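As structure tokens, the structure follows; a few thoughts come after it.
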Amino acid sequence: MGAGTFREGGLSSEELIQLPAYGLKQSEKEALYGKLLTDLTREHGQKCLPYGRFLRAAGVQEKLDRGEVLTEEEIPFLPVSVFKERALRSVPQEQVFKELTSSGTSGQKTSRIFLDADTSAVQQKVLYRIVSDYIGADRVPYLVLDTEKVLKDRSLFSARGAGILGFSIFSSQMCFALNEKMELNLEEVQAFLDKNKGKTILLFGFTFMIWEYFVRALEKKGVTLSIPGGVLIHGGGWKKMADRAVTSEEFKEGLRRTAGITKVSNYYGMAEQTGCIYMECECGYYHASTWSDVLMRRPKDYSVCGAGEPGLIQVMTPIARSYPGHSLLTEDIGTLIGTDDCPCGRKGKYFTVTGRAPRAEVRGCSDTYGG
Amino acid sequence: MTNLEKYDREFIKMFGVKKEELPTLKYRGIKKWDSMGHMDLMSALEERFDISISTLDVLDFTDYEKGKTILAKYGVEI
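Chains as they are written, first to last, in this note's numbering: chain Z, 202 to 572; chain D, 2 to 79.
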């Protein structure tokens, strides 16, 4: 799987992957991203016809033709929902190595994301670089807080299965904590923990499942586990938790109390930009890694928000090469907290995610998206 | 059994392929060598050769031939 080359930026994708995960200052990153994303925008315009039409309609093509290097703020963005409406790819169909689908919010159409072998390989390596900042570089025992059934039953296989599999690259051995009836398999879990005493253990699952079928199940049984080496990573959104009025603090406290786990990180991410997830740091903020960046935009006119002002989250990444998903406006509302100065020591932007925009708010550029 | 024989046997056992198919065998090239199959293969090779393969090497292990050069890094000459 040869890695592609970022010819124009003078930085191969292999070199990009080797950069420190959270070591770039925002000014350095923006200088790098202006160049990389401008070139990538041009490339997608040439290789994906509908995207090329969008660039012309949006008046961006002229700037590219003049050889201008756009800033991050000037990089055009597509609404993330565009992948539900259209099959957009920048490689010939025969080079498509896997097609990701994401249902997003229930009841909506499915996104289709086309990956070639290089893009998929780079995504996995980026995920590895980000997560190893939290769990270390070695493969570790992996306790999945879900049922193995999500991998076997194709009708269940969705974001849940993809997430579990995505993290399996970090595992030296795997144990599923829940049986097919979503009951905690206490004996098996205990045996797994005994076998791996003193080691770092990766735990992964979806926020709501962890709360309902792990934390609360342990409480009901009156059992406490001891997983001092546990690093728990969870995702999938807070909506169901907010419905039950469970806060992030209560979630963490529950894990500490029932399982002795003190390292708990939520993450923000999406199938449309797989790999570059935004991990929650020790201070409770999501961080943009070296391989992606965010901008918050005001829903009324898409101008860029200041720090502390909630807006629609735009996500950008130079690793989206086989489909034009390098700059997307999501339907999520987030607030930039600061830049380069999080007490956790990670450089770049850090932010919070507070919810989703009402459906009608995010039309972005899809209206000008002809063809 | 030579290392090559051991190496081949893990693929044959894991994916139910014939020996002749091995040289062109690639990750995701056959149905059984999917991401789960990949992790099973890594575990089997680790156990067989008593090594521990790093995450990056797991990701770089993209075909039968490439796997040989990766195992060589762990002192397993095939």
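Note that the Cβ used here is the ideal one computed from N, Cα and C, for glycine as well. Source: prediction; values computed, not measured.
Simplified DSSP assignment, three categories, for residue i
{"i": "E532(Z)", "result": "strand"}
{"i": "D347(Z)", "result": "strand"}
{"i": "R29(D)", "result": "coil"}
{"i": "M383(Z)", "result": "coil"}
{"i": "L72(D)", "result": "helix"}
{"i": "E11(D)", "result": "helix"}
{"i": "F407(Z)", "result": "strand"}
{"i": "T3(D)", "result": "coil"}
{"i": "I276(Z)", "result": "coil"}
{"i": "F62(D)", "result": "coil"}
{"i": "H245(Z)", "result": "helix"}
{"i": "V297(Z)", "result": "strand"}
{"i": "G431(Z)", "result": "strand"}
{"i": "A222(Z)", "result": "coil"}
{"i": "M471(Z)", "result": "coil"}
{"i": "G205(Z)", "result": "For G205(Z), the predicted structure reports a pLDDT of 44, less than 50, and the residue's modelled location is therefore unreliable. A value from the coordinates is still provided. Coil at G205(Z), not helix or strand."}
{"i": "A232(Z)", "result": "helix"}
{"i": "A338(Z)", "result": "coil"}
{"i": "P24(D)", "result": "helix"}
{"i": "G423(Z)", "result": "coil"}
Where residue i meets chain D, residues with beta-carbon distance less than 8 Å
{"i": "Y329(Z)", "result": "T56, L57, L60"}
{"i": "Q325(Z)", "result": "L60"}
{"i": "S333(Z)", "result": "T56"}
{"i": "A322(Z)", "result": "L60, T63"}
Backbone CA spacing between residue i and residue j [nearest angstrom]
{"i": "P525(Z)", "j": "P280(Z)", "result": "11 Å"}
{"i": "A258(Z)", "j": "K226(Z)", "result": "34 Å"}
{"i": "L26(D)", "j": "S466(Z)", "result": "38 Å"}
{"i": "K310(Z)", "j": "E532(Z)", "result": "15 Å"}
{"i": "S44(D)", "j": "S373(Z)", "result": "7 Å"}
{"i": "Q324(Z)", "j": "K69(D)", "result": "24 Å"}
{"i": "Q219(Z)", "j": "V424(Z)", "result": "43 Å"}
{"i": "M40(D)", "j": "G507(Z)", "result": "44 Å"}
{"i": "G565(Z)", "j": "Q294(Z)", "result": "Note that G565(Z) has pLDDT 46, beneath the 50 cutoff, so the model's placement of it is unreliable and no number is given."}
{"i": "E73(D)", "j": "R557(Z)", "result": "Sequence inspection shows Ala at residue 73(D); the Glu mentioned does not correspond to that position. The straight-line gap from Cα to Cα measures roughly 50 Å."}
{"i": "V18(D)", "j": "Y8(D)", "result": "13 Å"}
{"i": "V261(Z)", "j": "F62(D)", "result": "40 Å"}
{"i": "G203(Z)", "j": "V297(Z)", "result": "Low per-residue confidence applies at G203(Z): pLDDT is 39, beneath 50, and the placement is therefore not dependable, though the value from the model is reported in the following sentence. Distance between the alpha carbons of G203(Z) and V297(Z): 15 Å."}
{"i": "D319(Z)", "j": "S55(D)", "result": "20 Å"}
{"i": "G224(Z)", "j": "K548(Z)", "result": "6 Å"}
{"i": "G572(Z)", "j": "L233(Z)", "result": "Interpretation of G572(Z) is limited by its pLDDT of 31, a score under 50 that renders its predicted location unreliable; the figure taken from the coordinates is listed afterwards. Spanning the two alpha carbons is a distance of roughly 32 Å."}
{"i": "K501(Z)", "j": "V283(Z)", "result": "19 Å"}
Chain-ordered neighbours of residue i on chain D, where CB pairs are closer than 7 Å
{"i": "A258(Z)", "result": "Within 7 Å Cβ-Cβ: nothing; A258(Z) doesn't reach chain D, min ~37 Å."}
{"i": "F405(Z)", "result": "By Cβ distance, chain D contributes nothing, its closest Cβ being about 14 Å from F405(Z), past 7 Å."}
C-beta atoms of residue i and residue j nearer than 9 Å
{"i": "S528(Z)", "j": "F278(Z)", "result": "yes"}
{"i": "A472(Z)", "j": "S312(Z)", "result": "yes"}
{"i": "V416(Z)", "j": "A460(Z)", "result": "yes"}
{"i": "L346(Z)", "j": "I276(Z)", "result": "no"}
{"i": "E231(Z)", "j": "S291(Z)", "result": "no"}
{"i": "E273(Z)", "j": "L496(Z)", "result": "yes"}
{"i": "L344(Z)", "j": "L385(Z)", "result": "no"}
Partners in chain D for residue i, counting only beta-carbon separations shorter than 9 Å
{"i": "F452(Z)", "result": "Correct list: empty, because the minimum Cβ distance to chain D is about 27 Å."}
{"i": "A577(Z)", "result": "Summary: the structure shown does not reach residue 577(Z), with chain Z confined to residues 202 through 572, and so no result is reported for it."}
{"i": "F298(Z)", "result": "R29"}
Chain-ordered chain Z contacts of residue i [CB-CB under 8 Å]
{"i": "M37(D)", "result": "L352, L366, S369"}
{"i": "M40(D)", "result": "S369, I370, S372, M375"}
The stretch 336–352 of chain Z touching the stretch 368–386 of chain Z, judged by at least three CB pairs closer than 8 Å:
Yes, they touch.
The stretch 283–298 of chain Z / the stretch 244–255 of chain Z touching (three or more Cβ pairs under 8 Å):
Verdict: yes, contact present.
Cβ contact check for the stretch 429–439 of chain Z and the stretch 402–415 of chain Z: 3 or more pairs under 8 Å
Here the stretch 429–439 of chain Z makes contact with the stretch 402–415 of chain Z; the two share three or more CB pairs at distances below 8 Å.
Is it true that the stretch 386–406 of chain Z meets the stretch 327–342 of chain Z, where meeting means three or more beta-carbon pairs spaced less than 8 Å apart?
As far as the Cβ criterion goes, the stretch 386–406 of chain Z touches the stretch 327–342 of chain Z, which means the pair count is three or higher.
Segment contact, 8 Å Cβ cut-off, at least three pairs: the stretch 477–489 of chain Z with the stretch 549–556 of chain Z:
Touching, yes, given that three or more Cβ pairs across the two stretches are closer than 8 Å.
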